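Trainee:
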């Protein structure tokens, strides 16, 4: 890992509709060409949606996979430095962050105007904001670790990364795409709130972060989680177990933020009877192998629920704690004790 990168958004072959390679550019994962690709129709337009089925052409556009490498590498390297004290890990993590977010010649512009474009249809979409989703907040954790005095991460690096995040937060809150994503009723809306709260906390805007979490009780939990713990918006998907766990990743990360700013999401129950503990408990029979998952799922992975079950157990959920020994071990082992927050453990492009 310490020999990989750094990466830069400006290295891509494709040019975004803006004409500026500093703009992040990605393609919608679940949209496919409906006609043969020809010289006159190089994309095979028009495109049609196939929910849960990933178009391999998406990975020919390098910004999204390379952003993923930035997030994962900087996160893992910062943790490696934190636990071992080896300066090479911190220095390389700093180089990765600096190259993608700070250095003028290579930095990404702080917007997602051209995320999840659909050929011949949209130059970008509001739901492309989820490209950064939980993985970007892991990067905020990485930077927070480096800020404790890591070699290679200077005061100017810290200031530059903080400035980028302030500008990105402004775009998230005030752009048309940001407002549209914030109004989403499913996991997109939850992850939007989580990103805004996490970034606001990172840049010192605790009042904004607190208000987002307070609003999430009625805006998200009340509308998304039923009294029996089901998440109806996520059960509509062809990957319903994945998206039920995915949405709870956002909730559990918001709950972790709430511990620092005085908002208790775990122990909130709405007037309809829904709460986070019930949503996690609903997953336990399938996650432990006690019963099959009774809803549509193209690629069931029991271990997808592992981190959220750990988080619920730590928050006082007795059913979740009893389930821990029965969970399927994620690939690479159960690393819950080593990480600062919940991760989505099954690999799928969010959309």
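In UniProt numbering, the protein residues as written are 1 to 351.
Glycine included, C-beta positions come from ideal geometry on N, C-alpha and C.
Here the structure is a predicted model, which means the values were calculated and not measured.
1) Buried or exposed: where does residue 247 fall if 16 or more other Cβ atoms within 10 Å of its Cβ makes it buried?
2) So who's on the other strand from residue 48, going by DSSP bridges?
3) Assuming residue 306 is part of the alpha helix (DSSP H), what are its boundary residues?
4) What is the C-beta distance between residue 127 and residue 181, in whole angstroms, given that I count them as a contact (C-beta under 8 Å)?
5) Considering only DSSP beta bridges, list what residue 234 is partnered with.
6) Using 8 Å as the Cβ pair cut-off and three pairs as the minimum, do the stretch 104–121 and the stretch 129–137 touch?
7) State the Cα-Cα distance for the pair residue 330 and residue 251, rounded to the nearest angstrom.
8) Mind the definition here: the stretch 6–15 touches the stretch 60–77 only if three or more C-beta pairs lie below 8 Å; say whether that holds.
9) Rounded to whole angstroms, what's the CA-CA distance from residue 295 to residue 46? Just pull it up for me.
10) Do residue 148 and residue 185 count as a contact pair if the criterion is CB distance below 8 Å?
11) For residue 343, which residues of its own chain have a beta-carbon under 6 Å away from its beta-carbon, when the five flanking residues on both sides are left out?
12) Under 8 Å: do the stretch 309–328 and the stretch 282–293 share three or more Cβ pairs, one atom per stretch?
13) Our contact map puts residue 137 next to residue 253 with C-beta atoms below 8 Å; I'd like the distance itself, whole angstroms only.
14) Under the rule that 16 or more other beta-carbon atoms within 10 Å means buried, what is residue 83, buried or exposed?
15) Could you tell me whether the Cβ atoms of residue 299 and residue 239 are closer together than 8 Å?
16) Would residue 258 pass as a contact of residue 265 if the rule is Cβ separation under 8 Å?
17) Contact between the stretch 186–203 and the stretch 228–238: three or more CB pairs below 8 Å?
18) Report yes or no: do the stretch 156–165 and the stretch 95–107 share at least 3 C-beta pairs separated by less than 8 Å?
19) Grab me the residues of residue 6's own chain with a C-beta within less than 6 Å of its C-beta, minus the 5 sequence neighbours each way, in chain order.
20) With respect to the alpha helix (DSSP H) encompassing residue 133, which residues constitute its N-terminal and C-terminal limits?
21) Could you work out which residue in 75, 35, 30 is closest to residue 53 when comparing CA atoms only?
22) Using a Cβ-Cβ cut-off of 7 Å (strictly less than) and excluding sequence neighbours within five positions of residue 151, which residues of its own chain qualify?
23) What separation, rounded to the nearest whole angstrom, lies between the Cα atoms of residue 81 and residue 336?
24) Whole angstroms is fine: what's the gap from residue 350's alpha carbon to residue 256's?
25) Mapping DSSP to helix, strand and coil, what is residue 300?
26) Alpha helix (DSSP H) containing residue 260: first to last residue?
27) Residues in its own chain within less than 7 Å of residue 354 by CB, not counting five upstream and five downstream?
28) I'd like the list of long-range same chain contacts for residue 328, defined as Cβ closer than 6 Å, with 5 residues on each side in sequence excluded.
29) For residue 118, does the three-state DSSP call read helix, strand or coil?
30) Report the option in 27, 142, 141 whose CA atom is closest to the CA atom of residue 122.
31) Based on DSSP bridge pairs, tell me the residues matched to residue 25.
32) Name the two residues that bound the continuous alpha helix (DSSP H) containing residue 76.
33) Out of 39, 111, 146, point me to the one whose CA is closest to residue 18's CA.
34) Would residue 212 pass as a contact of residue 193 if the rule is Cβ separation under 8 Å?
Mentor: On the basis of the coordinates in this document:
1) In the chain shown, residue 247 corresponds to position 247, counting from 1. Flag for residue 247 reads buried.
2) Translated into the one-based positions of the chain shown, residue 48 becomes position 48. Looking at the DSSP assignment, residue 48 forms a beta bridge with 32.
3) For the purposes of this step, residue 306 is taken as residue 306 along the chain shown, with counting starting at 1. Counting along the chain, the alpha helix (DSSP H) containing residue 306 begins and ends at 306–314.
4) Mapped onto the chain shown, residue 127 falls at position 127. Mapped onto the chain shown, residue 181 falls at position 181. Between residue 181 and residue 127 the Cβ distance is about 6 Å, and since that is below 8 Å, they are a contact.
5) In the chain shown, residue 234 corresponds to position 234, counting from 1. Bridge partners of residue 234: none, in fact.
6) yes
7) Counting from 1 along the chain shown, the entry for residue 330 is found at position 330. Counting from 1 along the chain shown, the entry for residue 251 is found at position 251. Residue 330 and residue 251: Cα-Cα distance of roughly 20 Å.
8) yes
9) In the chain shown, counting from the first residue as 1, residue 295 sits at position 295. In the chain shown, counting from the first residue as 1, residue 46 sits at position 46. The straight-line gap from Cα to Cα measures roughly 31 Å.
10) Numbered from 1 along the chain shown, position 185 holds the residue referred to as residue 185. Numbered from 1 along the chain shown, position 148 holds the residue referred to as residue 148. In this structure, residue 148 does not lie closer than 8 Å to residue 185 by Cβ.
11) Residue numbering aside, residue 343 sits at position 343 when the chain shown is read from its first letter. Here the set comprises 307.
12) yes
13) In the chain shown, the residue the question calls residue 137 occupies position 137. In the chain shown, the residue the question calls residue 253 occupies position 253. About 6 Å; that satisfies the 8 Å criterion.
14) Here residue 83 is taken as the residue at index 83 of the chain shown, counted from 1. Classification for residue 83: exposed.
15) Walking along the chain shown from the start, residue 299 turns up at place 299. Walking along the chain shown from the start, residue 239 turns up at place 239. Cβ distance < 8 Å, so residue 299 and residue 239 count as in contact.
16) Position 258 of the chain shown, counted from the first residue, corresponds to residue 258. Position 265 of the chain shown, counted from the first residue, corresponds to residue 265. Cβ atoms of residue 258 and residue 265: closer than 8 Å.
17) yes
18) yes
19) As a first step, residue 6 is located in the chain shown; it is residue number 6 there, counting from the start. Here the set comprises 95, 96, 99.
20) The sequence position of residue 133 within the chain shown is 133, counting from 1. From DSSP, the alpha helix (DSSP H) with residue 133 extends over 133–146.
21) Reading the chain shown from its first residue, position 53 is the one you call residue 53. Residue 30 is the option with its Cα nearest to residue 53.
22) Residue mapping note: residue 151 aligns to position 151 of the chain shown, counting from 1. Here the set comprises 87, 90, 91.
23) Here residue 81 refers to the residue found at position 81 when the chain shown is read from its first residue. Here residue 336 refers to the residue found at position 336 when the chain shown is read from its first residue. Their backbone Cα atoms lie some 18 Å apart in a straight line.
24) As a working mapping, residue 350 is identified with position 350 in the chain shown. As a working mapping, residue 256 is identified with position 256 in the chain shown. Caution applies to residue 350, whose pLDDT of 48 falls short of 50 and renders its modelled position unreliable; the value that the coordinates give is listed next. One C-alpha to the other measures close to 22 Å.
25) As a first step, residue 300 must be located in the chain shown, where it is residue number 300. If DSSP states are grouped into helix, strand and coil, residue 300 belongs with coil.
26) Numbered from 1 along the chain shown, position 260 holds the residue referred to as residue 260. It spans 240–261 - the alpha helix (DSSP H) in which residue 260 sits, taken as one unbroken run.
27) A query on residue 354 cannot be resolved here, the shown segment of the chain reaching from 1 to 351 and no further.
28) Working through the chain shown from its first residue, we reach residue 328 at position 328. The residues are 302, 303.
29) Walking along the chain shown from the start, residue 118 turns up at place 118. Residue 118 falls in the strand class under three-state DSSP.
30) Your numbering for residue 122 matches position 122 in the chain shown. Residue 122 has its Cα closest to that of 27, out of 27, 142, 141.
31) What you label residue 25 is simply residue 25 of the chain shown in a count that begins at 1. Paired residues: 114.
32) The residue labelled residue 76 in the question sits at position 76 within the chain shown. Residue 76 -> alpha helix (DSSP H) spans 63–84.
33) Looking up residue 18 in the chain shown gives position 18. For residue 18, the nearest C-alpha among the options comes from 111.
34) If you number the chain shown from 1, residue 212 lands on position 212. If you number the chain shown from 1, residue 193 lands on position 193. Yes, the Cβ-Cβ distance between residue 212 and residue 193 is below 8 Å.
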